[in-house]
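Enquirer: One structure coming up, written as structure tokens, with questions to follow.
There are 2 protein chains.
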Amino acid sequence: MKQIAILGFGVVGAGIPAILEKNAESVTRAVGEPVRVKYILDLREFPDSPYGDRVIHDIAPILADPEIEVVCEAMGGSHPAFEFSLRCLEAKKSVVTSNKEVVANFGDRLLAAAAANGVSYLFEASVGGGIPLIRPFMTSLACDRITEFCGIVNGTTNYILTKMREEGREFDDVLAEAQALGYAERDPSADIDGIDAKRKLAILTALATGILPENDELAALSLRGISVRDLEAASLCGGRLKLVARMRRVNEKIEAYVCPMIVPDAHPLAHVEGVYNAVSFTSPATGDILYYGRGAGRYPTAGALVSDAAAILSGAAAHEAKPVFRREAGAILPFSEVRSDFYIRASGLLDPEEALSAVSEAVEVLSAKDGVCELVAKDCCLSALDAAAPGAVKIRILR
Amino acid sequence: MKQIAILGFGVVGAGIPAILEKNAESVTRAVGEPVRVKYILDLREFPDSPYGDRVIHDIAPILADPEIEVVCEAMGGSHPAFEFSLRCLEAKKSVVTSNKEVVANFGDRLLAAAAANGVSYLFEASVGGGIPLIRPFMTSLACDRITEFCGIVNGTTNYILTKMREEGREFDDVLAEAQALGYAERDPSADIDGIDAKRKLAILTALATGILPENDELAALSLRGISVRDLEAASLCGGRLKLVARMRRVNEKIEAYVCPMIVPDAHPLAHVEGVYNAVSFTSPATGDILYYGRGAGRYPTAGALVSDAAAILSGAAAHEAKPVFRREAGAILPFSEVRSDFYIRASGLLDPEEALSAVSEAVEVLSAKDGVCELVAKDCCLSALDAAAPGAVKIRILR
Chain A
71 MKQIAILGFG
81 VVGAGIPAIL
91 EKNAESVTRA
101 VGEPVRVKYI
111 LDLREFPDSP
121 YGDRVIHDIA
131 PILADPEIEV
141 VCEAMGGSHP
151 AFEFSLRCLE
161 AKKSVVTSNK
171 EVVANFGDRL
181 LAAAAANGVS
191 YLFEASVGGG
201 IPLIRPFMTS
211 LACDRITEFC
221 GIVNGTTNYI
231 LTKMREEGRE
241 FDDVLAEAQA
251 LGYAERDPSA
261 DIDGIDAKRK
271 LAILTALATG
281 ILPENDELAA
291 LSLRGISVRD
301 LEAASLCGGR
311 LKLVARMRRV
321 NEKIEAYVCP
331 MIVPDAHPLA
341 HVEGVYNAVS
351 FTSPATGDIL
361 YYGRGAGRYP
371 TAGALVSDAA
381 AILSGAAAHE
391 AKPVFRREAG
401 AILPFSEVRS
411 DFYIRASGLL
421 DPEEALSAVS
431 EAVEVLSAKD
441 GVCELVAKDC
451 CLSALDAAAP
461 GAVKIRILR
Chain B
71 MKQIAILGFG
81 VVGAGIPAIL
91 EKNAESVTRA
101 VGEPVRVKYI
111 LDLREFPDSP
121 YGDRVIHDIA
131 PILADPEIEV
141 VCEAMGGSHP
151 AFEFSLRCLE
161 AKKSVVTSNK
171 EVVANFGDRL
181 LAAAAANGVS
191 YLFEASVGGG
201 IPLIRPFMTS
211 LACDRITEFC
221 GIVNGTTNYI
231 LTKMREEGRE
241 FDDVLAEAQA
251 LGYAERDPSA
261 DIDGIDAKRK
271 LAILTALATG
281 ILPENDELAA
291 LSLRGISVRD
301 LEAASLCGGR
311 LKLVARMRRV
321 NEKIEAYVCP
331 MIVPDAHPLA
341 HVEGVYNAVS
351 FTSPATGDIL
361 YYGRGAGRYP
371 TAGALVSDAA
381 AILSGAAAHE
391 AKPVFRREAG
401 AILPFSEVRS
411 DFYIRASGLL
421 DPEEALSAVS
431 EAVEVLSAKD
441 GVCELVAKDC
451 CLSALDAAAP
461 GAVKIRILR
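Going line by line, the protein sequences match chains A and B. When you read off a place in the first sequence, starting at 1, and then add 70, the result is the number in the numbering used here. When you read off a place in the second sequence, starting at 1, and then add 70, the result is the number in the numbering used here.
And the structure:
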């Protein structure tokens, strides 16, 4: 019998004992013996839960108990999740987490602490919920080199964009409905302003390049202000509008940002709809690979925590390649200098094609009527475009 | 320095030293030391290859050399690939393979031999080329239970169907072009008759259920005889025609077959085009997950062999959950009894709706003119349909 501890008994944390019970047979087979939850650290009491008797309010017993090899951190927020994770690792207990905020902010320090103490810090559940994404990234692709990726890593915003497109409804309307249905938080900023997606971008960028970007090095554009008109523009360009997390190595720099992009219909990411997530990776040997699945939810996320815990308890994780994250100032190219194709909608410009030809070698007019011109400008950067067409709507096109 | 041996220096085998050279840095990091090819077993000589001096024609030196921990089998065909693999395992050398024919026919015996000798038999490269599919299946999903999957696992047939749909050209025409371009073999039966897809179906079924089906227990329908008319019918049903490998657990039985199916547009598999492959898995905790990428080709496939070899050489594979394949007669439901929704095109039936209502509770007429009727019949089986509408075209619809 193996004993584990859970930090945080919220949506995800409470899913862990449920998965351990439901999948007891396969967990036992994977680990070699049964797995049981011994402690649940939470500020609250859970008198009605069958696991209520395991709830404690102090981390000390977990740190002191030699039976605990693995701690599952599902607290959310940076603090005290970071401090608790660090103390667990220093007490030579492996930590598995679904907390993308902690991994994005402190992944470098926590991985270093894990390595220094001969234990593991695993975070499969922090990106893409239940989609096995990080382990294949670390093991199967260990002998390859990820040169770029693009992903839909936030289900709430993808749900909103899908509804807007399918039903022709505006952003505020669909957001209000999503909040009423519980798909979006009462304060939706983390999702719709790209904050959540940016954390996942930071983690994937660090896995692909070794460099964990600082929060303020990554641009994240909000979905606020996106209109049905923009979705129609995407359609005019032969694609769909998606909130995309994008990383690309260009020369010696790294492009990494989150923004609404027009994804061409031929790209598999264009067909990821509703609350689904997907990430597409490119590497020289393997070409393009895409992983798709439910990016959130109690059971997918708790399932990913359990599989990380099982990898440790079975002994496999100790032999897996371990990521090392470092900080490197100046590695990330400023967002305004990242070159893309752009869809542009300009009104009032006397000759938009002429105005843009100075900043892009290929400008194609899609439509022009009533003083509004829609164009595609290839391979240019935002800073130049902003100077040439200051008031225009500009949406990047994924290539 | 770790030394490996390669069996078969064809398209895939010759990719292995290329990948080891190109990705030397990441391979060394993953394994802990550099990896070098010591022997290449092939009947031919390769005087112009930089690896020509390592070519041997007898397996004995490989079996006898204590430096060889891993043998990469890329021979193709059942014999002598099976016998050579078995002898390597019995000599306590791990084997990694891209040879789906051997895994589908002898996977049970080779996995048992690996277990008996304390070594590994890995076959990531046998399904989905370079897409990391089997390792996530075995590790990340080890704590879950795969209840069904469906996949596009043959790039040649998917390329043909994509071209037929996009260009409105008939099967024979597109096949001839694919052969001229080298995308299809001169004898295309293994691809277009579903034989290759059936081998991958057998392997995935065994991974999901533990039961390796016998070749004659699995139905595989050919793509021969599919016409542009059938692709238009798929469109009429709101989907695209694909050659699908499908497995589903139903009660105590396993449904497993390869056949052309209409995949609804809302299913991500519908948008897998050209030579790409994808497999979608369903499990209770995780929901649906899909893996997508290049299913064949020298570098993706050789890359998968190298990553399997690296997993062994780093010591990680020894701790991974190992599949056990067993045979179980009668576990697979006969194809004619597998219930599906069907698209049906019947001519000459006096009242096709009436004729089909006896075998399906929900029949919907899509069109009826010039004595030809197109219908959808829900939840019925082929044996009953064949009796009710003997001469009609019948295509399964994926649900």
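We put the beta carbon where it would ideally sit given N, CA and C, even for glycine. Predicted model, so just to flag it, every value in this text is computed and none were measured.
1) What residue range is occupied by the uninterrupted alpha helix (DSSP H) comprising ALA144(A)?
2) With DSSP as the reference, please indicate the residues paired to PRO334(A) in a beta bridge.
3) Comparing the C-beta of VAL314(B) with each C-beta of chain A, is any distance below 8 angstroms?
4) For TYR362(A), would you say it is in contact with chain B, using Cβ-to-Cβ distances shorter than 8 angstroms as the test?
5) Taking only the alpha-carbon atoms, compute the straight-line gap between PHE176(A) and ASP123(B) and give it to the nearest angstrom.
6) By Cβ distance below 7 angstroms, which residues in the same chain neighbour ILE187(A) in space, the five residues on each side in sequence not counted?
7) Determine, using beta carbons only, whether ILE201(A) comes closer than 8 angstroms to chain B.
8) Given a cut-off of 8 angstroms, decide if ALA428(B) and LEU419(B) are closer than it, judged by their beta-carbon atoms.
9) Starting from LEU436(B), trace the beta strand (DSSP E) in both directions and tell me its first and last residue.
10) Express the C-alpha separation of ILE126(B) and ALA134(B) in angstroms, rounding to a whole number.
11) Hey, is ARG469(A)'s beta-carbon within less than 8 angstroms of any beta-carbon in chain B?
12) For GLU219(B), which beta-bridge partners are listed by DSSP?
13) Shortest alpha-carbon distance to PRO104(A) belongs to which of GLU218(A), LEU111(A), MET71(A), ARG179(A)?
14) With CYS443(B) as the anchor, note down where its alpha helix (DSSP H) starts and where it stops.
15) My guess is that GLY221(B) and VAL314(B) are in contact by the Cβ rule of under 8 angstroms, so how many angstroms apart are they, rounded?
16) Please confirm whether LYS392(A) has its beta-carbon closer than 8 angstroms to some beta-carbon of chain B.
17) Distance, Cα to Cα, SER430(B) vs PHE219(B)?
18) Residues of chain A with a CB under 9 angstroms from the CB of SER164(B): which are they?
19) Starting from the Cα of ARG215(A), find the closest Cα among GLY461(B), VAL97(B), LYS464(B) and give me that residue.
20) Nearest-angstrom Cα distance between PRO354(A) and ARG235(B)?
21) Quick check on the DSSP output: the alpha helix (DSSP H) that includes ARG409(A) runs from which residue to which?
22) Apart from the five residues just before and just after GLY85(B), which ones in its own chain have a Cβ nearer than 6 angstroms to its Cβ?
23) Please list, in chain order, all residues of the same chain as GLU444(B) whose beta carbon is under 6 angstroms from its beta carbon, the five residues on each side excluded.
24) Could you compute how far the alpha carbon of LEU293(A) sits from the alpha carbon of VAL345(B)?
25) Please state the DSSP three-state secondary structure of VAL82(A).
26) Please state whether the Cβ-Cβ distance between PRO393(A) and PRO206(B) is less than 8 angstroms.
27) Per DSSP, ILE465(B) forms a beta bridge with which residues?
28) Secondary structure at ARG235(B), three-state DSSP: helix, strand or coil?
29) State the DSSP-derived secondary structure class of ASP257(B), mapped to helix, strand or coil.
30) Could you please give the first and the last residue of the uninterrupted alpha helix (DSSP H) stretch that includes SER190(B)?
31) Of the choices GLY400(B), GLU434(B), ILE382(B), ASP411(B), whose alpha-carbon is the least far from that of VAL166(B)?
32) List, in order along the chain, the chain B residues whose C-beta lies closer than 8 angstroms to that of LYS472(A)?
33) Beta-carbon separation of TYR413(B) and ILE332(B) under 8 angstroms?
34) Of all Cβ atoms in chain C, is any one closer than 8 angstroms to the Cβ of TYR253(B)?
35) For ALA380(A) versus ALA212(B), is the C-beta distance shorter than 8 angstroms?
36) Along the chain, which unbroken stretches of the beta strand (DSSP E) at least 3 residues long are found entirely within the stretch 87–138 of chain A?
Expert: Let's see:
1) Looking at the DSSP string, ALA144(A) is not in any alpha helix (DSSP H), and its letter there is neither H nor E.
2) Note: PRO334(A) sits in a beta bridge opposite GLY309(A).
3) When Cβ-Cβ separations below 8 angstroms define contact, VAL314(B) makes no contact with chain A.
4) So, interface residue.
5) 50 angstroms
6) Residue identity check: residue 187(A) is Asn in the sequence provided, not Ile. So the list reads LEU159, GLU160, LYS162, once near-sequence residues are dropped.
7) yes
8) Contact flag unset, no.
9) 433–439
10) Going by the C-alpha atoms only, they are around 14 angstroms apart.
11) no
12) Before going on, a small fix: residue 219(B) reads as Phe here, not Glu. PHE219(B) pairs with MET317(B), PHE351(B).
13) When only C-alpha atoms are compared, the closest one is MET71(A).
14) Element bounds for CYS443(B): not the alpha helix (DSSP H) but the beta strand (DSSP E), 442–451.
15) About 7 angstroms separates the Cβ atoms of GLY221(B) and VAL314(B), confirming a contact at the 8 angstroms cut-off.
16) no
17) 25 angstroms
18) By Cβ distance, chain A contributes nothing, its closest Cβ being about 14 angstroms from SER164(B), past 9 angstroms.
19) That would be VAL97(B), whose Cα lies nearest to the Cα of ARG215(A).
20) 30 angstroms
21) Premise fails: ARG409(A) lies in the beta strand (DSSP E), 409–417, not in any alpha helix (DSSP H).
22) Excluding positions up to five away in sequence, the list reads ARG368, TYR369, ALA372.
23) ARG415, LEU436, SER437
24) 35 angstroms
25) Coil, per DSSP.
26) no
27) Paired residues: TYR413(B).
28) helix
29) coil
30) For SER190(B), no alpha helix (DSSP H) encloses it, and the DSSP letter there is neither H nor E.
31) ILE382(B)
32) In the structure as shown, chain A begins at 71 and stops at 469. Residue 472(A) is therefore absent and cannot be evaluated.
33) yes
34) Absence of chain C from the displayed structure is noted, the protein chains being A and B.
35) yes
36) Annotation: the stretch 87–138 of chain A contains the following complete segments of the beta strand (DSSP E) (minimum length 3 residues), in chain order: 105–111.
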